[in-house]
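Residues are numbered in the working numbering as their position in the sequence shown, beginning at 1, plus a constant of 222.
Backbone N, C-alpha and C fix where the C-beta goes; we use that ideal spot for every residue, glycine too.
Quantities reported herein were computed from a predicted structural model and do not represent experimental measurements.
Only one structure is covered here, and it is reproduced in the block below.
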Amino acid sequence: MCSLQSMGQIFTSDQLAFATINLRKEIAPNNVKVGTGSFIQTKTDLYILTASHVANIMDKDAVIVISDVNGKPIVFKLSDITDSVKWVNHPIADMAILKLKLSEAQLKKYFQGRFIPLEMINSEEKAIPRNIQLTTIGFPLGLGVSEYFSPLTFRTFPSSGLITLDRADTKTPQTFIILKIQALAVIVEALCMIFQFMNKEL
């Protein structure tokens, strides 16, 4: 089985972390563009799902980082896990997919049990009730991919229904929901202050 095994219709945060990847592309020395993606699967194919504004940077020289069973990072070049690094962008939403082509050895050793079944993803354009707790997962400030692979999770709630805003990358209208992000903002600000203090001390 390639896919995660859920309890009914629910995945734990640890299971989702196992399906989460870090995408990285070195633009220049000390200049690395990063993004977050997920493994998904249809009945016949395996994919990476990420944001279009991330995918547009990630070419054949980009890499993905995943965790091994001990939480250590493993790096793969995109060109080594697909026939051709050709992302397919959604015509409206900030989403893109890349079809993977893994060898049996790669699949068995590194990728088994990491893929979220497509049917588990709700594609309805429908507001999420504001009392539903949501979990976001990713790598703010590039954290979580050095000595250990550990994407950060944050719990939040919707603070809006459906709302139309311009996408930041294309400036075209898109339907969003806005999340409560006060806690994340405080954490990121605190981390920035810690880094600044450490730099001054060094």
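Can you give me the Cβ contacts of residue i inside the same chain, cut-off strictly under 8 Å, excluding the 5 residues immediately before and after it?
| i | result |
| --- | --- |
| Ile303 | Ile286, Leu322, Lys323, Leu324 and Gln328 |
| Leu401 | Leu356, Thr358, Thr378, Phe379, Pro380 and Ser381 |
For residue i, tell me which candidate among the options has the shortest Cα-Cα distance.
| i | options | result |
| --- | --- | --- |
| Thr392 | Leu245, Ile288, Tyr370 and Asp316 | Asp316 |
| Leu340 | Ser260, Lys308, Thr397 and Pro395 | Ser260 |
| Glu347 | Gly383, Ile359 and Arg377 | Gly383 |
| Val367 | Ile249, Tyr332, Gly257 and Gln396 | Gly257 |
| Leu268 | Gly364, Pro395, Ile354 and Glu326 | Glu326 |
| Asn179 | Gln334, Leu300, Leu271 and Pro295 | In the structure as shown, the chain starts at 223 and stops at 424, and residue 179 therefore has no counterpart that could be examined. |
| Tyr332 | Leu387, Ile288 and Pro251 | Ile288 |
| Pro295 | Leu365, Ile350, Ala349 and Asn278 | Leu365 |
| Ile249 | Asp283, Ser306, Thr266 and Leu300 | Asp283 |
| Ser235 | Gln355, Pro251 and Ser381 | Gln355 |
| Met280 | Ile399, Ile385, Leu300 and Lys330 | Leu300 |
| Val276 | Thr264, Asp290 and Trp309 | Trp309 |
| Ala318 | Ala349, Thr264, Asn278 and Thr266 | Asn278 |
| Ile343 | Gln334, Val291 and Gln263 | Gln263 |
| Gln237 | Val291, Pro251 and Lys265 | Val291 |
Is DSSP giving residue i helix, strand or coil here?
| i | result |
| --- | --- |
| Asp250 | Here the sequence assigns Ala to residue 250, which means Asp is not the residue at that position. Looking at Ala250 - three-state DSSP - the assignment turns out to be strand. |
| Phe233 | coil |
| Thr242 | strand |
| Ala318 | strand |
| Asn421 | For Asn421, the predicted structure reports a pLDDT of 49, less than 50, and the residue's modelled location is therefore unreliable. A value from the coordinates is still provided. Three-state DSSP puts Asn421 in a helix. |
With a threshold of 7 Å on Cβ separation, who are the neighbours of residue i within its own chain once the five nearest residues in sequence on each side are excluded?
| i | result |
| --- | --- |
| Ala241 | Leu226, Ser260, Phe261, Arg336, Phe337 and Ile338 |
| Ser372 | Gly293 and Gly366 |
| Leu424 | Caution applies to Leu424, whose pLDDT of 43 falls short of 50 and renders its modelled position unreliable; the value that the coordinates give is listed next. Contacts found: none. |
What residues in its chain sit with their C-beta under 6 Å from that of residue i, if we drop five residues either side in the sequence?
| i | result |
| --- | --- |
| Arg246 | Val254, Val256 and Val285 |
| Tyr370 | Gly293 |
| Arg389 | Asp316 and Gln396 |
| Asp305 | Lys323 |
| Thr375 | Ser235, Thr357 and Ile359 |
| Asn244 | Val287, Phe361 and Val367 |
| Ala273 | Asp316 |
| Leu387 | Phe398 |
Task: alpha helix (DSSP H) runs wholly inside the stretch 273-306, at least 4 long, in chain order - done: 274-277
- [ ] May I have a chain-ordered list of the beta strand (DSSP E) segments no shorter than 3 residues that lie completely inside the stretch 329-407?
- [x] 356-360, 374-378, 385-388 and 395-398
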